[in-house]
Structure formats: C-alpha cells, structure tokens
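Below is one structure, written out as structure tokens, with a few remarks after it.
2 protein chains.
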Amino acid sequence: MQPLWIRELHEHHDEIVTLHGWVHQHRSSGKIQFVQLRDGTGFVQGVVVKEEVTEELYAKVSSLTQETSVLVTGLVRADDRAPSGVELLVKDLEIVHKTVDYPITPKEHGVDFLMDHRHLWIRAPRQRAVLKIRAEISKAIRAYLDGEGFTQVDPPILTPSSCEGTTNLFHTKYFEEDAYLTQSGQLYMEAAAMALGRVYSFGPTFRAEKSKTRRHLIEFWMIEPEMAYCTHEDSLKIQEGLLQAVVRHVLTNCSLELKVLGRDVTKLERVLEPFARITYDEAIALLRQKGHTITWGEDFGSPDETAIAEHFDRPVFVERYPASIKAFYMKPDPARPEVVLCADLLAPEGYGEIIGGSQRIDDADLLLERFKEHELSETDYAWYMDLRRYGSVPHAGFGLGLERTIAWICGLEHVRETITFPRLLYRMYP
Amino acid sequence: MQPLWIRELHEHHDEIVTLHGWVHQHRSSGKIQFVQLRDGTGFVQGVVVKEEVTEELYAKVSSLTQETSVLVTGLVRADDRAPSGVELLVKDLEIVHKTVDYPITPKEHGVDFLMDHRHLWIRAPRQRAVLKIRAEISKAIRAYLDGEGFTQVDPPILTPSSCEGTTNLFHTKYFEEDAYLTQSGQLYMEAAAMALGRVYSFGPTFRAEKSKTRRHLIEFWMIEPEMAYCTHEDSLKIQEGLLQAVVRHVLTNCSLELKVLGRDVTKLERVLEPFARITYDEAIALLRQKGHTITWGEDFGSPDETAIAEHFDRPVFVERYPASIKAFYMKPDPARPEVVLCADLLAPEGYGEIIGGSQRIDDADLLLERFKEHELSETDYAWYMDLRRYGSVPHAGFGLGLERTIAWICGLEHVRETITFPRLLYRMYP
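Line by line, the protein sequences give chains A and W. What the first sequence shows, in my numbering, is residues 1 to 430, in sequence order. What the second sequence shows, in my numbering, is residues 1001 to 1430, in sequence order.
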C-alpha cells in the first residue's frame, strides 16, 4: 500500500491507510494510548486501544519516544475536534528509526539553545506553521505580480560596487576584482524594466550591519518590482494590491497555521480596506504632537515609525520624504523639488517599514548631477546612465522585505523565526 | 485614455487605443512608414499612411530613431501575418525621449561588445524571448513541485564551511568568522525535509571555478528538491515528471518565443516520452564501443557526456556511479555497495548534465565513517549528523541547474544568454 500524507487523510474517511511520519507526542491512559503523528504536511492523532490490538503491538507503541520515525497503518475516522478533521485508529505500527533523548522537549528552552538546534526546532508545530506561511506568502506574491503582467527576472548577487557605500557590504574577491554581495537589485531591475516592461526580482540580499534588533537579519529576501511607464501614484496602487492579495491568500489558505500561531486574524482583515496615507510633513507634525523631538529633514528612527504606525489600524504609506535623506536615484516632486516622489509603507502593530519605493529619476542631466553630489563613479555606473540616454521613460519601483512581512502576518516577536536558517549577528550555525 | 500593453491588443480589434513603448525598427517606402514598436510584452507594427495623417505627424514619424520612447495612438487592425495577430494604424504619436546613436544596431556585433552592453542587449527580441522563457520555466518548476505537495524553503547563502572543499568557493568575512557562498543548499534541505516532508529550494549558488566553457556560469540558480520517505527510484519519477511538465508548459505558453529563437520544437516534444535510463557500467561499455578510452571508476568528461547523450533522442538517466567518484552523502546500493543510489540526468543535443541526484545515507554509523574518510569536521556537521540520530528516514533529493535547462530548451549556444546579467570568468560588468 502506497503511504499517504496526513494532509490527504480527510479524503479517506473509513478507509484503512498507511502513513509514514514521526512521533510528535505520546501519552497513555492505561487502556488507550494517543500518539500524535506528524509528517510535515500536518498532524494527526493515532489512537491505540489495548483490547483491539496484540500485546506485542501495544507494548511497541508504549515504547515510542518523541521523534521516532514510524510507519503506521490504521482506520481513518472523522473527528470534529481534530484540526485535521480525522483521527487514526491504529492497526499496525512499524518503527523506522528509534529516537533516543530528542533534545527539544515540551519544556521551555532558551533562545540560544533553540537556535543551536534550529535544524530540529523547525519540526515544532509553531515553526512549521511559520515556514508554511512563508511559502504561501511567496506564492501569493508571485501569483499577484504574474497576474499583473510582471516577468520575474533574477538580478546578480555578486556586484562590482555599490551606490550606497561599502561599509555594510560583504566583500569577496571575484578572481582579480573586488566584489560585494548585493544589497538591492534595483538598478539592474531598472534595466530589465526597459526590456520587459514590468519585472520583479525575488531573491536574497545582504547587509553586514552590526545591529541586533528583532527586525534585522543579515541575509534576507527581497521582492523588487520595477515598472516602465509608471508613476509614483501607479506604484502605490500596485503595492496596496499586492499586500492585500497576500493577506487575503494567507487568510484563505493558512487558517490552521494562523491558529497554531494564535494570530488575531481580525487585525489582518483590516488590511483588506484601503491603506492609510500621510506625507512626511504630516508625519513630523504627528510625531511632535505625540511628544517626539524631531525636526523637518531628519529621518525616522524605529520608535518614530512605531508611533506613526500605531496611529493607524492598517498599513500606512508615508510619502514624499526630503530628498536629502533618501537615495540618489529618487525623482524630485516637480511641484516641490526638496521632497522626492517616494513612499515607505509601515506595517501595523509595530513591525516597521516593509516596503520602500519611489519613482526614479529619468532625466540624464539631473542623474549626472546626483552622481556628482554623491561622489559616485561615472564609469562604474555608465550602464545605469545609459538607461537615461536611450529611450528614457518615467518609471518606478519598490522593494518588499519578505521576512518582516512574514513576521507581521504571523505576529512574531522576532524575524529570526521567519526563515529556516537565519543569519544573525555572530550566528551562522547551523 | 489608459495605455494598453501590446500583449493586450488582440482583445481590442477595431478600437482606437494608446500604447507606450520604444521604436524597435523603422522603415519608410515613400508614402507609408512602418514602425516596429516594442513595450516588453511584445512587438507590434505601427503603420503610418502619409495621406491619412498631418504633414507634421508624418515628419515626426520620419525622424524616429531606434529605441526612442514613444506614446502612440492608433486603430487596432487584424493582421494574420503578424506574430501578435494585429497591427496598429497610427493616428497620433508623441515622443517621450529621443534616442541618439543607439549602440546596438541591426548589424553584427561581437560577443564582448554585446556583453558590455548587456543592459541594452536584453531589449533585443532574441534576448527578450530567452528571459521570458526563463520566467516561464521557473513558473512551471514551482507549479509542478507545489502540485506534488512540496513546500518552498530558502536555505542560507552564507555558510560556515563546505563539504566539498573550499577551493572553488567565494570567501567572505562574516564579522569575526569565515564564511563561504553556498554551492548547494542540499544539506540544509535535508533538515527541512524532516520538518516539512517534501521541500525545494530555488535560489542562487556560486562556483569560483576558473573554467571558461559554454556550460558554466560563476553565479547560477539551482532548484534542489529533497524528500523524506523517498527512495532513489521515487526521486527519478519526480525528476522525469518535473522536466516533462516544464517542457510541456514552454511548448504551450511560449510558442512565439520559441519561434523567435528558431527552436526545433520536435526535439522538445520527444521529451514528453519516458526518459532513457542506463547504468554507469553500461555507459562505460557504450563509450568504449564508441572509441573513448575510459575505465571503470573514472568520472565522465564533457565529451563523454556528449557522446552518451547523443546516443539517445531524449534525456537519459545515468545511474549508480562508483561511490569513489561521488559525494560522501550518497547511499550505497545495498545489492552492490561499490556503487551508489544516484543518477545524473543528461540533456539531449549535447547540453550536458542538468540534474544530479541521489538517495542519501540515513545510517548514522555509515555517515560517520564517510566523515572520517573525507576528513570532514564532526563539529561543523554535528547538526547534519543529528538528522540520522533523531528519527532518520530514507530520503532522496536532486539538484536541477536552471541555466543549463534554459540553454537546452531554448537551443542556445552558450549559457551566458540565459540570465539577465551573467557572471562569467573575469566578467562582472554590468
């Protein structure tokens, strides 16, 4: 008999099936034993009734330890109380590999211990739920962008230089040259947008920052859409549509996982309404009202972002920052050139900035001026300049941080749980 | 009027529409001008009839240069000879940005010149076709694996050590530690498979190899599925199913692009039949028959692979290589321990190995023996060892090289055209 996955059991009511998996938990009440089984696709309770099985089988089940791998045959029965909707009346059980002293027990463990055992910790229901939601969020992002006519493009990871300084970059030798791990594929995506219209990247980016906060990973994944013939305003619409599609997909497809995480879904449902929107100027006024000492021209710190976000029950776009605190490639607002056509999207509940985007400078002369102001090499970026020389068009784009989005949607304390093997300050193991 | 994309025009027969794009080609025959327009989503011919438009407009169109960006309004007319099925009778045209001396002209250019202008070269119809097919292949891979119950998992790029030596690895400092760019996420994916059942990665991998062949990139993308409770045989079935699904998807969805590339699709259609399969032993016999000097125990070189592949009109699995020439983690064939339960899949038409896979060692003692033989650090790989200590199960997986798969499906001479900004020996620009 071909073994089934636990997620398939609900289609096999009242059938005898075989499944393979691991013992997650095990308890006995004298004449009956309950074996919580997991196989990566779900959890199901196996019930072993003493008077219905051989003594040998009952004893074998009694000896089961956490994370022992097993092949189980049994009858699928409806069970309304079970998250999977079924339970398994065990008829036979074979031990594949007996586990002795599994390090992660149901008792409390410290974070360092769990991180040292991350390769095993990911088997726990909460961790599995987050990783499933991560995969579903990724899927929803692709589905939305593909549906809007975007083409996925993979920009390079190894890059010869960086437009934002090399302080926070990982350096390596590329044969005789110096190379850096990418912090953003945006400039390359601009070239791709001129070739393919609407494009997006979906890949790892790196920041060698000595910061240890609950919002930072050293290695993190970004989605960077870039659109030819697109204004700042058009871009905001895509951003709102994208995030709403993602939240809707997770609410529809991950209800079990959200329940495991104890996520308050009413907070997510509010995301389906239009997002809030304020200007940088209004944000400054709001912060001062709330007693923050900040003046026009300063960038927001993490507490500022949290205060702004807390003012709204939905994600909020903060638009039109001063040019001086934003990247060199952002297009000035024609009506007011001291601010740029950009927006950061702040997630609710204190999860901070999850999107940063802008319309890009499309005028060659202005870009050249910015190059000089920022002391960027015209040789290194000659190709980027070419995009304004040959058929320049209005274009815009943004970057969505995958891990922060996951942390927010899952309601996690820390981004370290959003990826299988997080890279943190001083942590690269396992 | 909201501009349309060229791919949408076929739904707007006999309507007046506006589109934005770039001038790809332009020719005149006195009383009529033809402007080939592109917008990334396709190509369409704009027709400008002298006696139907103002003198001013006709002159403006006459002045159009290659890659000038334009906003065009016109009537959509059916045209059976056009790949898009329509042409545009131009009523109005606005120049967004005039291009002077576009460097890539319809004349022949050398490879180095084109690679130096890769940021512009990707606008060419052939390059665009390859990048579209790349995106569609990626999509088809995900759709197949998602449909088979796999969960996408992103393994780390920065890793503390490598099981295959550090000679061909890119090195960087990870704060105080040494780190290397991943060559394969497999070991991490094995841990993930024990947590999630069936998993796959889809991301960049790196090889600092000083080889300059038409099959090698320094930075390339790999898809690495890993399956718990899976044998070598099960894995081959998934591999065959996956590649057939990919080829079927491309044949169905990319016929225009395959035509642009001049691809002989009958060769691709043969992939939909069951793949060929031979053992390493049979491959050695076949090669000797063909006059190659190779003895049992040696690995195949590129000419050997080509000779084996040419013997078949479909992809061919070469199974059960000698343990001594394969990776330490591969499970020995119980019936014949000098060979391992592995297979390489060779693409037809000389494109070489596109998949390498195996069942993995699941026995802790045997794996420990291999660690010693290969002088691998038990401390560095303690976590990998744990997978055999806690609920070990039979498991298998494989790695699919994305760029070689694209090169083969597109029928390209060289892998450098399969990715937007290829990283090659001594080439990191743009």
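Glycine included, every Cβ here is placed at the ideal spot set by N, Cα and C. In this text the structure is predicted, and so the values were computed from the model without any measurement.
Contacts of residue 434 (chain A) in chain W (Cβ-Cβ under 7 Å): In this structure chain A extends from 1 to 430, so residue 434 (chain A) is not present and cannot be described.
Residue 168 (chain A) to residue 179 (chain A) span [Cα, whole Å]: 13 Å
Nearest neighbour of residue 1325 (chain W), chosen from W:1314, W:1296, W:1309 and W:1397 [CA to CA]: W:1296
Coil, strand or helix - residue 1112 (chain W) by DSSP: helix
Amino acids of chain A, ordered along the chain, whose beta-carbon sits closer than 7 Å to that of residue 1097 (chain W): 391, 392 and 393
Limits of the unbroken beta strand (DSSP E) element including residue 330 (chain A): Residue 330 (chain A) -> no beta strand (DSSP E), and no H or E assigned at all.
Bounding residues of the alpha helix (DSSP H) (the contiguous stretch that carries residue 280 (chain A)): 280–289
Neighbouring residues, chain W, relative to residue 90 (chain A) (Cβ below 8 Å): Those within 8 Å of residue 90 (chain A) in chain W number zero; the least Cβ separation is about 18 Å.
Bridge partners - residue 37 (chain A), DSSP secondary structure assignment: A:23 and A:44
Contact residues within the segment 1289–1321 of chain W, judged by C-beta distance below 9 Å to chain A: none
Beta-carbon proximity of residue 68 (chain A) to residue 1147 (chain W), cut-off 7 Å: no
Range of the contiguous beta strand (DSSP E) that encloses residue 1147 (chain W): Element bounds for residue 1147 (chain W): not the beta strand (DSSP E) but the alpha helix (DSSP H), 1125–1147.
Sequence-distant residues of its chain with Cβ nearer than 7 Å to residue 1268 (chain W) (five each side left out): 1247, 1251 and 1409
Close beta carbons around residue 1244 (chain W), own chain, < 8 Å, minus the five adjacent residues each side: 1271 and 1272
DSSP three-state assignment for residue 177 (chain A), whether helix, strand or coil: strand
Start and end residues, alpha helix (DSSP H) containing residue 244 (chain A): 232–253
Within 7 Å, strictly: CB atoms of residue 1361 (chain W) and residue 1398 (chain W): no
DSSP three-state assignment for residue 119 (chain A), whether helix, strand or coil: helix
Where residue 396 (chain A) sits in the DSSP three-state scheme: strand
Secondary structure of residue 1152 (chain W), DSSP reduced to three states: strand
Spatial distance of residue 1042 (chain W) from residue 1084 (chain W) (CA atoms): 8 Å
8 Å contact criterion, which residue 1074 (chain W) and residue 1091 (chain W) should meet: CB distance rounded: 5 Å
Residues that residue 1174 (chain W) contacts on chain A, provided the C-beta gap is smaller than 9 Å: 170, 208, 218, 423, 426 and 428
Paired residues, beta bridge with residue 228 (chain A) - DSSP: A:395
Spatially closest choice to residue 1240 (chain W) from W:1045, W:1411 and W:1141, by CA coordinates: W:1141
Residues from the segment 1353–1375 of chain W in contact with chain A, defined by Cβ distance under 8 Å: 1362
Counterpart residues of residue 1069 (chain W) in DSSP-defined beta bridges: W:1022 and W:1097
Under 8 Å (Cβ pairs) to chain A, residues found in the segment 1223–1244 of chain W: 1228 and 1229
Member of A:427, A:351 and A:26 whose CA lies at the smallest distance from the CA of residue 215 (chain A): A:351
Between the CA atoms of residue 393 (chain A) and residue 461 (chain A) - distance to the nearest angstrom: A query on residue 461 (chain A) cannot be resolved here, the shown segment of chain A reaching from 1 to 430 and no further.
CA-to-CA distance, residue 298 (chain A) to residue 323 (chain A), given in whole angstroms: 11 Å
Listed by chain order, chain D residues near residue 203 (chain A) by CB distance under 8 Å: Looking for chain D here will not work: the only protein chains present are A and W.
Closer than 7 Å to chain A by CB, residue 1414 (chain W): no
8 Å Cβ shell around residue 1177 (chain W) - same chain, five flanking residues per side excluded: 1160
Environment of residue 1303 (chain W) [buried if 16+ CB atoms lie within 10 Å]: exposed
As assigned by DSSP and simplified to three states, the class of residue 1166 (chain W): coil
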